[in-house]
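A quick write-up on the structure given underneath.
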Amino acid sequence: MRRRSARRSVSRLVLLALVAGALFPRATLATWPRNARVLILSAFPTEGAKILAAAGPVTEVGVFNGRRFFAGTIAGKSVVMGLTGIGLVDADLTTRAVLAFLQSSGVLVKAVVFSGVAGSSYNIGDVVVPDHWTDDLEHSAPPFPPYAVNRCLYRIARRIVGTVALDPNLYVEDRACTGLRTPPSTPVRVDDPQVRINPGDEGHSSDPYGGRAVPCANPGTDLLGCDACGAPPGDPGLGSDPTPFLDPNFFLELFQSFSGSQGGTAVIEDMETAAVARIATEKRIPFIAFRGVSDGRGDPLMLPPVPYLQFVVYQQLAADNAAAATLAFLAAW
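Residue numbers are given in my numbering: position 57 of the sequence shown equals residue 245, and the series is strictly consecutive.
What follows is the structure in structure tokens.
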């Protein structure tokens with residue numbers, strides 16, 4: 189009799205658990221108001237291509253700092269996505285503008301997620317998710333670095349380690365910015381790229397542009413366009429102030445400022461994330477960044493140490509892998 193009673197008790201508990209699961213879905217989804225959105229940012233067109241493609245039909249929501257932003261749905265979550273532009277100045281200007289618009293429109297920004305490429309001490313093709321970010325700027329008001337990644341988002345990101353199939357293939361670059369991927373033209377592959385999420389890893393953002401914004405053009409290339417590759421056609425013309433390009437010293441100073449790895453404690457270095465992280469921290473919005481390694485170890489072509497050469501060759505591979513990890517994160521949330 190005791191065994192029967194015990195079995196009946198267990199059956200009741202299982203039934204209650206099943207009913208509770210049906211009535212009360214995962215808390216992470218149940219707590220999302222209808223006006224909630226995830227803001228997904230990238231710096232330049234190649235970085236945003238796979239994110240935009242995954243959102244299905246998209247609707248333009250506005251133009252901010254010369255760059256168009258779109259609304260769509262990824263993994264059942266409403267998202268707004270677009271490009272910040274290259275560099276800390278553009279990242280600051282664009283992020284502030286789009287957040288101000290969304291908040292004035294009654295949108296609840298659940299999180300800011302950055303997907304892009306960077307230089308790193310990890311291998312080319314890896315995707316790195318630091319738990320905090322720093323910069324080398326002088327700030328007269330808080331928040332001050334380091335800027336911490338949201339703990340809940342970081343825990344969700346750790347679930348995808350070992351589950352994301354990152355692409356090791358070096359594809360032909362999408363210079364025309366169509367958003368399409370052609371088959372590999374060479375057998376060049378990087379070695380077993382991984383998602384790297386190690387507590388304590390630091391990301392760092394620097395400003396090689398001397399406090400100047402970097403213009404974009406529409407239509408543009410996979411680097412200097414105003415929209416993610418594959419975006420619906422927009423009005424042609426300069427999307428932002430072209431003044432820096434009129435300075436003959438702009439590119440000379442850029443290459444002179446390049447010094448590869450800055451050393452220190454950072455495992456990954458870029459030109460935008462800290463600006464976005466600072467704004468998210470200031471506005472108390474959860475933040476996380478996924479950075480694919482375009483400049484790093486494990487170069488299968490053994491390229492010479494020419495400034496930005498690894499970036500030019502591997503940036504699409506790195507961008508696609510960062511996007512793959514970002515999409516897996518959104519699905520796991």
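Glycine residues also receive a C-beta, built at the ideal position from the N, C-alpha and C atoms. In this text the structure is predicted, and so the values were computed from the model without any measurement.
Are the beta-carbon atoms of residue i and residue j separated by less than 8 Å?
{"i": "N509", "j": "P381", "result": "yes"}
{"i": "A462", "j": "T322", "result": "yes"}
{"i": "A263", "j": "E457", "result": "no"}
{"i": "R222", "j": "C414", "result": "no"}
{"i": "V500", "j": "G313", "result": "no"}
{"i": "V267", "j": "I228", "result": "yes"}
{"i": "Y310", "j": "G484", "result": "yes"}
{"i": "V464", "j": "D389", "result": "no"}
{"i": "F258", "j": "T247", "result": "yes"}
{"i": "L296", "j": "S230", "result": "no"}
{"i": "K265", "j": "A511", "result": "no"}
{"i": "N406", "j": "G422", "result": "yes"}
Could you check if residue i is buried or exposed, using at least 16 other CB atoms within 10 Å of its CB as the buried criterion?
{"i": "T490", "result": "One detail in the question is off: residue 490 reads as Met in this sequence, not Thr. It counts as exposed."}
{"i": "D280", "result": "buried"}
{"i": "P245", "result": "exposed"}
{"i": "R339", "result": "exposed"}
{"i": "R466", "result": "buried"}
{"i": "Q504", "result": "buried"}
{"i": "R253", "result": "As written in the sequence, residue 253 is Asn, which differs from the Arg given in the question. N253 comes out buried."}
{"i": "L240", "result": "buried"}
{"i": "L515", "result": "buried"}
{"i": "W521", "result": "buried"}
{"i": "Q291", "result": "exposed"}
{"i": "G273", "result": "buried"}
{"i": "R343", "result": "exposed"}
{"i": "G209", "result": "Low confidence applies to G209: its pLDDT is 37, below 50, so where it sits in the model is not reliable, and the reading given next is rough at best. So G209 ends up on the exposed side."}
{"i": "P333", "result": "buried"}
{"i": "T469", "result": "buried"}
{"i": "G260", "result": "buried"}
{"i": "V494", "result": "exposed"}
{"i": "P403", "result": "buried"}
{"i": "S308", "result": "buried"}
{"i": "G408", "result": "buried"}
{"i": "A288", "result": "exposed"}
{"i": "L341", "result": "buried"}
{"i": "H327", "result": "exposed"}
{"i": "S293", "result": "exposed"}
{"i": "A401", "result": "buried"}
{"i": "A364", "result": "exposed"}
{"i": "L354", "result": "buried"}
{"i": "A507", "result": "buried"}
{"i": "G350", "result": "exposed"}
{"i": "Y502", "result": "buried"}
{"i": "G399", "result": "exposed"}
Am I right that residue i and residue j are in contact with their C-beta atoms under 8 Å? What's the rounded C-beta distance?
{"i": "F517", "j": "A345", "result": "5 Å"}
{"i": "G304", "j": "E460", "result": "7 Å"}
{"i": "V277", "j": "A513", "result": "Their Cβ separation, rounded to whole angstroms, is 27 Å, which puts V277 and A513 out of contact at 8 Å."}
{"i": "I473", "j": "V300", "result": "6 Å"}
{"i": "D395", "j": "G275", "result": "6 Å"}
{"i": "I348", "j": "V383", "result": "6 Å"}
{"i": "T366", "j": "C417", "result": "6 Å"}
{"i": "D324", "j": "P387", "result": "At roughly 23 Å, the Cβ-Cβ gap does not stay under 8 Å, so D324 and P387 are not in contact."}
{"i": "D410", "j": "T234", "result": "5 Å"}
{"i": "F302", "j": "A477", "result": "4 Å"}
{"i": "A224", "j": "K298", "result": "5 Å"}
{"i": "F475", "j": "V337", "result": "6 Å"}
Which residue or residues does DSSP assign as beta-bridge partners of residue i?
{"i": "E457", "result": "G307 and H392"}
{"i": "D483", "result": "G307"}
{"i": "G585", "result": "Only positions 189 to 521 of the chain appear in the structure, and residue 585 is not among them; the question remains open."}
{"i": "N386", "result": "According to DSSP, which records beta bridges pairwise, N386 is partnered with nothing at all."}
{"i": "A477", "result": "F302"}
{"i": "G413", "result": "A405"}
{"i": "L281", "result": "Beta-bridge pairing links L281 to no other residue."}
{"i": "V297", "result": "R225"}
{"i": "R472", "result": "None; R472 has no bridge partner."}
{"i": "R377", "result": "N357"}
**Request:** Kindly provide the ranges of any alpha helix (DSSP H) runs that are 4 or more residues long and lie completely inside the segment 225–266, ordered along the chain.
**Result:** 233–242
**Asked** In the segment 310–356, which residue ranges form an unbroken alpha helix (DSSP H) of at least 4 residues, counting only runs that do not cross its ends?
**Response** 339–346
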